[in-house]
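Going by UniProt numbering, the letters in the sequence shown line up with residues 1 to 219, in that order. This report concerns only the one structure given below.
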Amino acid sequence: MQYTFQQYQESADYLRGRIGSFVPQVAMVLGSGLGFLGDEVENAIAVPYNEIPHFKASTAPGHKGRLVFGTLEGKKVAVMQGRMHHYEGYSYEEVAYAVRVLRLLGCDTLIVTNAAGCVNMDWKAGDLMLITDQIKIFMESPLRGENLPQFGVRFPDASHLYTPELRQVARDCAKELGIDLKEGVYMYFPGPQYETPAEVRFARMAGADAVGMSTAPEV
């Protein structure tokens, strides 16, 4: 589906009507197992996806399917408790739709999280990985179709999708908290089936450290 800028504006205008003068700075997409963080938001205003014009439903288990606006650790945030996936039947434009709306609301920083499968043989289950880059050769771009200049140029530079300065902040925080933070490349697979042994070997040969069914379309 190809959205018009008017549709993005309609979603943003509706949300402005719900949150008033509140302007979020940081957008957070909470992956599987991390939805609880949205419940930690202070002075929260929660808006279910099914009440927002043009938003799609999040059907993945454990995903509440709502936006939570408020403050978290002193930052004004817009938290997505649940995301949309291609395997739910949505186009990549639909998967990335919410992130663009949050940009219109004022968010200039995006934090993405997920529960991923590890293909790095030197790591173990439960390790935390900071994404340094991504591979998404098995998906179309959510930017296909008519370019909307309000969101950027026709051919954006993908050299630093994961901002070096923000990655350094994550490293510093992990060090301060005594967390063994791994760093690696995330490879996207559309799902919903898990990767075959051959696909896991391919991902490892391609330079990936983790694989999953989300995140890359939003970034």
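Each residue gets a CB set at the ideal place from its N, CA and C atoms; glycine is no exception. Quantities reported herein were computed from a predicted structural model and do not represent experimental measurements.
Simplified DSSP state of residue i, which is helix, strand or coil
| i | result |
| --- | --- |
| Lys175 | helix |
| Met205 | helix |
| Arg66 | strand |
| Glu73 | coil |
| Pro149 | helix |
| Pro190 | coil |
| Leu181 | strand |
| Gly89 | coil |
| Ile19 | helix |
| Ala12 | helix |
| Val219 | coil |
| Ala98 | helix |
| Gln81 | strand |
| residue 299 | Given that the chain is displayed from residue 1 to residue 219, the structure contains no residue 299 and the question cannot be resolved. |
| Ala210 | strand |
| Glu195 | coil |
| Gln2 | coil |
Residue i Cβ short of 7 angstroms to the ligand ZN heavy atom set
| i | result |
| --- | --- |
| Val26 | With respect to the ligand ZN, the structure shown offers nothing to examine, as it has no ligands at all. |
Own chain partners of residue i with C-beta closer than 6 angstroms, once the 5 adjacent residues on each side are dropped
| i | result |
| --- | --- |
| Asp122 | none |
| Gly33 | Ala115 |
| Val200 | Val119 |
| Ala174 | Leu181 |
Distance CB(residue i)-CB(residue j) smaller than 8 angstroms
| i | j | result |
| --- | --- | --- |
| Val68 | Ala46 | yes |
| Asp209 | Met139 | no |
| Ser214 | Asn114 | yes |
| Val185 | Gly117 | no |
| Gln25 | Lys75 | yes |
| Val79 | Met28 | yes |
| Thr71 | Asn43 | yes |
| His86 | Pro217 | yes |
| Met205 | Ile135 | no |
| Gly145 | Gln9 | no |
| Ala60 | Gly82 | yes |
| Lys182 | Asp127 | yes |
| Ser11 | Ile52 | yes |
| Ile131 | Tyr90 | no |
| Arg103 | Phe155 | no |
Same chain only: Cβ atoms within 7 angstroms of residue i, ignoring 5 sequence neighbours per side
| i | result |
| --- | --- |
| Gly148 | The sequence given here places Leu at residue 148; Gly does not occur at that position. Excluding residues within five positions, the ones whose Cβ falls inside 7 angstroms are Phe5. |
| Pro190 | His86, Tyr87, Phe138, Met139, Met213 |
| Glu40 | Leu72 |
| Tyr14 | Ile52, Pro53 |
Minimum Cβ-Cβ distance from residue i to chain C less than 8 angstroms
| i | result |
| --- | --- |
| Val77 | In the structure shown, chain C does not exist; there is a single protein chain. |
Contacts around residue i, its chain only, beta-carbon distance under 8 angstroms, and the 5 residues preceding and following it disregarded
| i | result |
| --- | --- |
| Gly31 | Arg83, Val112, Thr113, Asn114, Ala115, Ser214, Thr215 |
| Ala170 | Leu130, Leu181 |
| Pro164 | none |
Handout entry: Sufficient close CB pairs (3 or more, under 8 angstroms) joining the stretch 81 to 97 to the stretch 49 to 67
Key = yes
Handout entry: Completely contained beta strand (DSSP E) runs for the stretch 103 to 159, where each covers 3 or more residues
Key = 109 to 112, 128 to 135
Problem - Runs of beta strand (DSSP E) lying entirely within the stretch 26 to 55, each at least 3 residues, in chain order - result: 26 to 30, 42 to 48
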